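> Just so we're aligned, residue 75 is where the sequence shown starts under my numbering, counting upward by one. Every residue, glycine too, gets a C-beta built ideally from N, C-alpha and C. Model, not experiment: these values are computed from the prediction.
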Amino acid sequence: MVSAYAPAPVDELLRPYSDELDTGSLAQTIGDYLTGTEKGIQGCYTLLPTPSHMKVGESACDIYFARDLKDDTEWVVKGSLSDQDRFLAMGEAAVYDLAHRPGLDDITVPYTKYGNFLVLNGEDGPFCTSGSSQEFVKNRGALPNPKWSEDDYFGKDRTDFLVRNQVFDWFIGNFDTHHKNFLVGRDGQYHAIDKGQAFRFYGKDELSHTYDTPKVWTPVYNDMWTHYIEGACEVDLDAAEKVITAIEAIPDQEIEEILRPYALEREKSLQAFNSTDSAFVSADDFIDAVIERKNSLRGDFEHFYTEMQQRRAESEKRSDPVSRELIDTGR
Ligand SMILES: Nc1ncnc2c1ncn2[C@@H]1O[C@H](COP(=O)(O)OP(=O)(O)O)[C@@H](O)[C@H]1O
Ligand SMILES: [Mg+2]
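Here it is as structure tokens:
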């Protein structure tokens, strides 16, 4: 069956632009891409209609939904980034690489690549954009907003998923973890998208259920812990163990190899912006800090979970009628 959005043959796609473009060399590039010999572009796409639930213009970059000519796979391309913002796209791809180390199969970041992408049927003809491209997750939408949602929002499958992802997001210093950045796949599996803000506040960030960063919605983890403290949901802390062990097992050298190109680009951009968001600007300091966080991850979470349990116990005491009386009478 031919899909409604099946790409037209390359010649046909290029014909309307043949006056303005060197379509010969473009066709050659596309042909080389299709045979795997072109190394300059990491994807050759035709645009798909933007899903109806998405608000166009909501994002800082241009987002395209696209289908790859080579194998019909579908992608979400974040492109048109300025030179200084390009490191964000490199970060998204590096985070994917980190999330796909052995033992981290519960961290479901879709395949993400960084590079140049050729889009054939733009409004004004074919164009090339650099940025990130992430495999499109066929989904039923994002997690609902916990503030307006059903009472059993934090059931065990969600809390297990969130506990594991919080460990990974703390490792990568990502706090853009509001509900919309978690998609519910058509098969019911959760997926973690949008890691572009990873490492932004590295070294100035805090592992806490109230820590939040400017301009983004509350991390869904914070809502989960607030519910937990109030006794409104259970959280199985053992769910974190496998992820902590898997991150601890990533060799320092692998972290360095994955992060070095991004860290260099990040250093240039932070210097150009005079950014003081993160405590670490130089690539070396930054990579050392990530390795240090890997090594302190277990201790960080032991400390954090103990605090969450203590807060819950205090909150239970406050709402217990006998303790309440003791507090009220000052005894
Ligand atoms: N891999 C993906 N699969 C399906 N939809 C996606 C994917 N990545 C992003 N989207 C959709 O695009 C929207 C914006 O993407 P996102 O990465 O969150 O960028 P930003 O929040 O910076 O605009 C998401 O809320 C989601 O609806
Ligand atoms: Mg987002």
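Let me have the residue list for ligand 4: C-beta closer than 7 Å to any non-hydrogen atom, ordered along the chain.
Ligands in the displayed structure: ligand 1 and ligand 2; ligand 4 is not one of them.
> What residue range is occupied by the uninterrupted beta strand (DSSP E) comprising Arg-260?
That residue, Arg-260, is in no beta strand (DSSP E); it is neither H nor E in DSSP.
> Tell me whether Lys-270 sits in a helix, a strand or coil according to DSSP, three-state version.
In the sequence as displayed, the identity of residue 270 is Gly instead of Lys. Reduced to three states, the DSSP call for Gly-270 is coil.
> Would you identify the three-state DSSP class for Glu-303, choosing helix, strand or coil?
One detail in the question is off: residue 303 reads as Ile in this sequence, not Glu. Reduced to three states, the DSSP call for Ile-303 is helix.
> Throw me the rounded Cβ distance for the Val-211 and His-265 pair, which I believe falls under 8 Å.
Between His-265 and Val-211 the Cβ distance is about 5 Å, and since that is below 8 Å, they are a contact.
> How many Å lie between Asp-279 and Asp-146 at the Cα?
The straight-line gap from Cα to Cα measures roughly 40 Å.
> Under 8 Å: does the beta carbon of Leu-257 sit that close to some heavy atom of ligand 1?
Yes; taking the cut-off as 8 Å, the Cβ of Leu-257 has a heavy atom of ligand 1 nearer than that.
> Report buried or exposed for Phe-347, applying the criterion of at least 16 other Cβ atoms within 10 angstroms of its Cβ.
By the neighbour-count rule (16 or more Cβ atoms within 10 Å), Phe-347 is not buried but exposed.
> Mind checking which residues open and close the alpha helix (DSSP H) that includes Ser-370?
Here the alpha helix (DSSP H) through Ser-370 covers 357–393.
> Spell out a yes or no on whether the region 233–241 and the region 163–181 are touching, meaning 3 or more CB-CB pairs, one atom from each, closer than 8 Å.
Because the criterion of three Cβ pairs below 8 Å is met, the region 233–241 and the region 163–181 touch.
> Cβ of Thr-120 within 9 Å of Cβ of Glu-112?
Going by C-beta atoms, Thr-120 is not nearer than 9 Å to Glu-112.
> Thinking C-beta only, is Asn-213 closer than 9 Å to Gly-259?
Yes, Cβ-Cβ distance for Gly-259 and Asn-213 is below 9 Å.
> Taking only the alpha-carbon atoms, compute the straight-line gap between Asn-369 and Asn-219 and give it to the nearest angstrom.
C-alpha separation (whole angstroms): 33 Å.
> For Ala-78, which residues of its own chain have a beta-carbon under 6 Å away from its beta-carbon, when the five flanking residues on both sides are left out?
A caution first: Ala-78 carries a pLDDT of 44, below 50, which makes its placement in the model unreliable, though a value can still be read off. Excluding positions up to five away in sequence, the list is empty.
> Considering only residues of the same chain and omitting the five flanking positions on each side of Tyr-227, which have a CB-CB separation below 7 Å?
Excluding sequence neighbours, Tyr-227 sits near Pro-220.
> Can you tell which of Lys-144, Glu-390 and Glu-376 has the C-alpha that lies nearest to the C-alpha of Ala-314?
Closest by alpha carbon: Glu-376.
> Can you tell me whether DSSP reads Tyr-170 as helix, strand or coil?
Here Tyr-170 sits in helix by DSSP.
> Please confirm whether any heavy atom of ligand 1 lies closer than 8 Å to the CB of Ile-137.
It does: the Cβ of Ile-137 is within 8 Å (strictly closer) of some heavy atom of ligand 1.
> Looking at Val-151: is its Cβ nearer than 9 Å to the Cβ of Gly-205?
Yes; because the gap between Cβ atoms is below 9 Å, this pair is in contact.
> What did DSSP end up calling Ser-206 once you bin it into helix, strand or coil?
Strand at Ser-206.
> Is the closest heavy atom of ligand 1 to the C-beta of Lys-368 under 8 Å?
For ligand 1, not one heavy atom lies less than 8 Å from the Cβ of Lys-368.
> Can you grab the Cα-Cα spacing for the pair Glu-148 / Asp-243, in whole Å?
Rounded to the nearest angstrom, the two C-alpha atoms are 26 Å apart.
> Nearest to Asp-231 by CA position, among Glu-308, Thr-380 and Gly-270, is which residue?
Among Glu-308, Thr-380 and Gly-270, the Cα nearest to that of Asp-231 is on Glu-308.
> Assign Arg-392 to one of two classes, buried (16 or more other C-beta atoms within 10 Å of its C-beta) or exposed (fewer than that).
Counting Cβ neighbours within 10 Å, Arg-392 comes out exposed, since fewer than 16 surround it.
> Starting from the C-beta of Thr-287, find all residues in its chain whose C-beta is less than 7 Å away, skip the five residues before and the five after it, and write them out in chain order.
Same-chain partners within the cutoff: Phe-249 and Phe-275.
> Provide the residue span of the alpha helix (DSSP H) that contains Tyr-336, from first to last.
Run containing Tyr-336: 326–347, per the alpha helix (DSSP H) assignment.
> Report yes if the C-beta distance between Lys-254 and Leu-281 is below 9 Å; otherwise report no.
Not in contact: Lys-254 and Leu-281 (Cβ atoms no closer than 9 Å).
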